[in-house]
Amino acid sequence: MSADTVRFSEERLAEIAELVKRYPGPQSALMPVLYMAQEDFGYISMDAQKMIAEVLGLRLMQVREVVTFYTMFKEQPTGKYLLEVCTNAGCMLNGAYELADHMCGTLGIRMGETTPDGLFTIAEVECAGACGGAPVVQVNNIYHEKATPASMDALITQVRADGGVE
Amino acid sequence: MTISSDPKQVTQICFDRINIPNQNKLSVARENGAYEFLPTVLNDFDSAKIINEVKTSGIRGRGGAGFPTGLKWSFVPRNTGKPTYLLCNADEGEPGTFKDRDIMRFDPHLLIEGMIMAGFALDVRDAYIYIRGEFLHEANVLNEAIAEAYAANLLGENILGSGYSMNLTVHRGAGAYVCGEETALIESLEGKPGRPRFKPPFPAVEGFYRCPTVVNNVETLATVPAILKFGGEWHASIGIPNNTGCKIFSVSGHVNKPGNYEVPMGTSLKTLIEDYCGGLQHGSVPKVIIPGGSSTPWLTAEHYDTPLTYDDLMKAGSFLGSGAIIVMDETADLVALTRRLAHFYAHESCGQCTPCREGTGWLERVMKRVEGGKGCAGDVTVLKDASEHMAGRTICALAEGAAAPVLSLLKHFPEDVQTRLAESSK
Amino acid sequence: MTQLFINDQEVDVTPGTSILEACRQNDVDVPYFCYHPELSVAANCRMCLVEVEGWGKPAASCCTPVSEGMKVKTQSETLAKDREMMMEYLLIHHPLDCPVCDQGGSCKLQDYTVEHGASKGRYSEPKRAVINYELGPFVNTCMTRCIHCTRCVRFADEVAGTGDIGVLNRSDHMTIAGIVEGALSSELSGNLPDICPVGALLDKPSHDVSRPWEMTSHSSTCIQCPNGCDISIESRGDQVMRIVPVDGSPEPWICDRGRYVYDAFRSDNRILSPMVRQDGALQSVDWSDAFDRTIDLLKDKKVGILFSSQWSVEGHVAISLMRDALFPDAKVAFDLHRRDMRPFAFEEGLAMTTSQIEAADQVVILGSDLRQRLPLLMQRLRKRGRAGKPVSRIGAMNYRTNMEIGRDALIRPRDWHGVIARAMEQVSELGKTAAGFDAWLGAVSDRHEAGKILADALISDSCALLVGEEIRSHEDAASLIHGVDLLMRACGHAEAGNDGRNLIPEGVNAQVLSAVFADARVSAGDIFAAASAGELDALILIGSDPVGDGLFPSAAKAALQKVPLVQIGSISGEMADYADVQLPAAAYSEIEGTFVNMEGRVRVATNPIKSLGQERPLWKVMMRLIQVMGAEVPVVSLDELRSAVCQHLSALSDAWCVSNQDSALIAPNRNRDAAALPKARTDSFELDVVSRYSMYREGMWARASALLTEAGELNALDDVLVHPDTLAAKGLSAGELVVKSFLGEQCFNIGVREDVTPGVLFIAKRGVAGDLSDVTAASIDGGAV
Ligand SMILES: Cc1cc2nc3c(=O)[nH]c(=O)nc-3n(C[C@H](O)[C@H](O)[C@H](O)COP(=O)(O)O)c2cc1C
Ligand code: SF4
Ligand code: FES
């Protein structure tokens, strides 16, 4: 894909035009627009970044700085299901590491990797802000609190059985 | 609101309506008193009166620093010719904290109402809620609530015919703890990496787009409707002087019933843990209590009875912080926990200040070695030196938070470290 | 003033000053990395910690403003420990490759390690690896050495205005990176290695060539553009190794042209010994043989003299003495970009200092590619833009500026009259007028809307006009400048103290040249025409290359084919093809001399580098020439020559003869009664031709520099550009097309760009489309055969 082929749809562009109005300056719309790109294209490629810079009238470097600073912006494709296990204090004290190890075992990959079928990526993340429900696993940004090896296995099995269809 | 006008009866403020089903829907929220007092504020109060009530209430910021909110508002210069912005800090990234999330997902209108009132007091046209990226669900709930509020003319032009207009926008962060620091939050909201700005100038004078800006925590803003409805004096009579009102504590770790509990200030740690959280998972006395989020120094069993106030916790050698209490019983591996927290700070350092950028990584690597049984005797001095010279020498307080667990470990549990070091010499 | 105590010493500073600046002003040493007086404060290195009495923790002095009665300590045991720790943090990932690092010996990290560091670091984990990035021909990166001070990032943002360097990632993965295609798009990029406090950004051309301590520095003035920056020429032996800016001069930076031209000093293109053409080729001879040949060519002949502005004031006056002694009737020319030699109402040179321009309420650029022409003035304008002050512009192309231009209008050169007329009408309506308006307006029938931009700016209290090459080289320049002068007078911008009439000159010493040669000068075109017409017997070119530079290449070629050429200069260039004799004159690095920049600032170079070959200072060559030709030698020493200079320019007797260099600025000439009225156009070609000045290829020095030539290639535009509509109107598309002008039909590769005015034929690359520079009008008629 080149910068010419990574393009927002007309609807998106209209949405962005509206969004920009909500802020004192167009650069403020950068993070929301990056989310849109991630939603539309799966990840934020360099071409997408160039295109976004153009759409918002920014320099490519301004876009690059933001994309690389924030962990939730992905420059590489991830698995269809992103399993993010919090291992910070609250979750650690409630067995998050054991849970993460178990999940890696079930998936047959190491932390940070993607299953060969491209279905799952497992990652260790920082405190999700839900320590009351520790341990917490986010699945594509949906919180699964008080997760257990059994509940995660069930989820993985379910996804696999459905062939990855939500 | 069902809160009693008698301060002695009050045990909850922000969580007053938290358990009502569908409270996030405007109709339900209104049935339960949301926006009831708003017209009075918009029509009969003026800026000075509101700020004065908030000052009288004695409320201190619930986001971590505990700065008196009324005072902060009074610092905002008027008639600068520039707009004033109100930013709600919903970044909730401090490990252990998860209270703002409940307000936002269960009672978003309480926050919105608080923001309208604060916005009115500060003559704000555009307000923003900066919410951490992971809280996608909460952001959606807020957006729906805001849409309903706009439709009901509670937001937008000429709110309820009062002549006051305010826009409110939810803005998602994207995975950076440091964006909870108010100046980093401002940078982030400007579409840049969240690197804190040095002060002065303070945001109140030069913040968002270099205009006067107030940044307040969700819980702080959610308290405003009650303060205005029942009066500053009312709020000041809850809790204890200089530590007024109620506070939500997010309790996690080795307790039987972790969760958020709002209690009047001054309730003791022990009461909270035993009466509300069902006590510890193992044993009867905690080994470590981190009282205000992972960035605050640790307390040990000797401080189990400390009343939960800004002042008492400071006296005990720590801080109330964001009210995130992480409790550990005797089963906790403190070296491992410290290593995990060191990893957190190394991962989250924005990278700009030398001691924080280099120090956090250094601490993590040494802690990892120590945890893995590969430490050496000199490591203790290195850990101490490296953390002591980070704290207080950087633009923001992240480095101080990074130093706290290491210094606490070395101070309270040197033997835990020594045991690991001994393992390595074997 | 705010009073405070630094180490118990009472000091007064302006309110709002930072502690660090207060310390610097009072010679108190505080270590720092990220602070830079010309850049915004970042406060990230945390090296500048000091103690303030009553504060619980140390304060970063660079970002802490002073307050009344504050008690600051810059030395204490805790601070010593803090600084030691800062050094330890910084060195955690820093490689220990000082022995092979170019920065070694002039490295802040090295110095502070000695001063503040511990003798041993305690970090035993693996060091971080960082990838380098490509920044083009001038800057090398070695990013493992980076200490993340972000000076380079701020420089790229704030000074260069390109923003192509940034900070990626965070935590200790944070890296400084550039996004660069080909080369940094800045003409100030050579300053990056200077501001990098460590060896992460390095000067590429001098990489691995020499060590800082081997250099001898020679203070001089750069003659590469009218800004005449102070420079320090650094040499090893008699070889120029690099050129760097001078601390404490008006501009903290120098541009890439002035810096990287240094390789021309030792290029093959230098004339290092007298040369004479024998059997068709130039042969090295001794001075007397060369003079014999010169006498043959010049004695009792009618000559034309053409020289460049690159010489010192002494050199220029010596040329005038030579003319007076040998060829009192000879016409001289020294400006290759001026067609209209009638006196200008305001002559070349700036009425304002660059700081005053930076501070003016309004700045209007009239027809100049300022970024190429005067990169440092552009940088000032950028600074102004950052402070929210407007800059507007009218011209034939939206020249790239790296800054926001407030109001911008594209016009053709023929529209200038209409622009000025429109502005006159607008200010007249406001009751602002000058005697002469009516006559001027009466001679112009067109009105152009762009005049509104000019008039709106003129209404403000202080307005700086930057009149550029598009007007200066206009065929009807005198009337345009008269018109602008009337406007400025009408609006009160022409009095001393509030004079905003700045005419950007071709080179340095413009004020001196117009005073010394006022009566004798003609257009270079006239000299070539005279030579071609057989009215001249020979040409003397002193440091000038009219084929490679300027607006008369075709005429120059024709003339040079017709008459013999005596070339005197430092660089041989293309003139080697024509010269019958070459006499070597010393380069600007090799002379004691005086220079006047466009602001009228006087600078004296005193400690020259030894000559590389047999070249002599120009004034000595001139005196020898007078002597061998049998006339009386007017001056025999530099002192005598300088007295002669003072006779021409009394302003210099104050500013320089009394060795009072920093005093008054030399003001540009004013000719109040130079009332030229607009002329009607006579030719019938529909396109106006404008040619672009390129800082990388204009001038003999630049072309002799391999470094600048390389940069010029990276920055090149298409040869000839037009607006797409211009071609569309003719049903043509970009490519090889025939251009018709009074020179006949020629074929050029024509590209399209939206930012060229429709109706303008824009010559972007003179070297290739050189011949077209001669014409002011042309037409495109169709595709190549
Ligand atoms: C590293 C760091 C992280 C912070 N994170 C948060 C946060 O997530 N939420 C919050 O409200 N305040 C956070 N703060 C505190 C804010 O800087 C600021 O004090 C607060 O938002 C002010 O609101 P308040 O006065 O209502 O407490 C953080 C501070 C630091 C230094
Ligand atoms: S490259 Fe040099 S100037 Fe740039 S941040 Fe690194 S050390 Fe500073
Ligand atoms: S000079 Fe002050 S922090 Fe770098």
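These protein sequences, in sequence, are chains A, D and Z.
Using this note's numbering, you'd call the opening residue of the first sequence number 1 and step up by one each time.
Using this note's numbering, you'd call the opening residue of the second sequence number 1001 and step up by one each time.
Using this note's numbering, you'd call the opening residue of the third sequence number 2001 and step up by one each time.
Ideal placement from N, C-alpha and C gives every residue a C-beta, glycine not left out.
Computed from a prediction, not measured in an experiment: that's the story for all the values here.
Spanning the alpha carbons of A1204(D) and C1396(D) requires a straight line of approximately 17 Å. In the pairwise beta carbon analysis, the stretch 2054–2066 of chain Z is classified as not touching the stretch 2103–2110 of chain Z: fewer than three pairs are separated by under 8 Å. One alpha carbon belongs to P1201(D), the other to L2039(Z), and they sit about 18 Å apart.
Along the stretch 2022–2059 of chain Z, the beta strand (DSSP E) occurs as fully enclosed runs of 3 or more residues at 2049–2052, listed in sequence order. A direct Cα-Cα distance of roughly 51 Å separates V2030(Z) from D101(A). For F2762(Z), the uninterrupted beta strand (DSSP E) segment begins and ends at V2760 to I2763. Beta-bridge analysis with DSSP links P1307(D) to S1268(D). The nearest non-hydrogen atom of ligand 1 is less than 7 Å from the C-beta of G1061(D). For the C-beta of T68(A), the chain Z residues within less than 7 Å are, from N- to C-terminus, L2168 and N2169. Annotated as proximal: P1264(D) and T1011(D), with beta-carbon spacing under 8 Å. With distances taken between CA atoms, T1244(D) lies nearest to W1234(D) out of W1234(D), P1108(D), V1251(D) and S1252(D).
Taking the C-beta atoms as reference points, V2563(Z) is found nearer than 8 Å to A2538(Z). Under DSSP, Y1130(D) takes part in a beta bridge, and its partners are N1089(D) and H1171(D). The way I'd put it, the stretch 2295–2308 of chain Z does touch the stretch 2531–2551 of chain Z; three or more beta-carbon pairs between them come closer than 8 Å. Across the stretch 43–61 of chain A, CB contacts with chain Z closer than 8 Å involve R59, L60 and M61, in sequence order along the chain. Under the three-state reduction of DSSP output, D2688(Z) falls in the strand class. Each of N1167(D), F1135(D), N1158(D) and K1411(D) was checked against the Cα of A1147(D), and the nearest Cα belongs to N1167(D). Exclusion of N2169(Z) from the 7 Å shell around ligand 3 follows from its C-beta lying no nearer than that to any non-hydrogen atom of the ligand. For L2336(Z), no beta strand (DSSP E) segment is defined, and its DSSP state is neither H nor E. Among the CB atoms of chain Z, one or more fall inside 8 Å of the CB of F1198(D). Considering only T2175(Z), V2512(Z), P2226(Z) and A2318(Z), the residue with the shortest C-alpha distance to M61(A) is T2175(Z).
Taken in chain order, the members of the stretch 1337–1371 of chain D whose beta-carbon sits within less than 8 Å of a beta-carbon on chain Z are A1346, H1347, E1348, S1349, C1350, G1351, Q1352, C1353, T1354, P1355, R1357, E1358, G1359, T1360, G1361, W1362, R1365, V1366 and R1369.
In its chain, beyond the 5 residues on either side, P1196 and R1197 have a beta carbon closer than 6 Å to the beta carbon of T1183(D). In the same chain as E11(A), and ignoring 5 residues on each side of it, no C-beta atom comes closer than 7 Å to its own.
Secondary structure of L2536(Z) (DSSP, three-state): coil. Using a CB distance below 9 Å, the part of the stretch 1381–1394 of chain D facing chain Z consists of T1381, V1382, D1385, A1386, E1388, H1389, M1390, A1391, G1392, R1393 and T1394, ordered along the chain.
In the three-state reduction of the DSSP assignment, Y97(A) falls in the helix class. Of all residues in the stretch 2053–2067 of chain Z, those with a C-beta nearer than 8 Å to a C-beta of chain D are G2056, K2057, P2058, A2060, C2063 and P2065, reading in chain order. Contact between A1090(D) and Y1130(D) holds: CB atoms are separated by about 6 Å, below the 8 Å threshold.
Think of a sphere of 9 Å around the beta carbon of R64(A): the chain Z residues whose beta carbon falls inside it are G2166, L2168, A2177 and I2179, in chain order.
One finds R2122 in chain Z with Cβ atoms closer than 8 Å to the Cβ of G1378(D), taken in chain order. For the C-beta of H2148(Z), the chain D residues within less than 8 Å are, from N- to C-terminus, G1351, Q1352, T1354 and R1357.
Those residues that bring their Cβ nearer than 7 Å to a heavy atom of ligand 3 are L2020(Z), Y2032(Z), F2033(Z), C2034(Z), Y2035(Z), A2042(Z), A2043(Z), N2044(Z), C2045(Z), R2046(Z), M2047(Z), C2048(Z), A2060(Z), S2061(Z), C2062(Z), C2063(Z) and C2149(Z).
The beta carbon of I2481(Z) sits closer than 6 Å to the beta carbons of F2344 and A2345 from its chain, once the five residues preceding and following it are set aside; these are given in chain order. Interface flag for Y35(A) against chain D is set, since a Cβ pair is found closer than 8 Å.
The Cβ of A2043(Z) sits closer than 8 Å to at least one Cβ of chain D.
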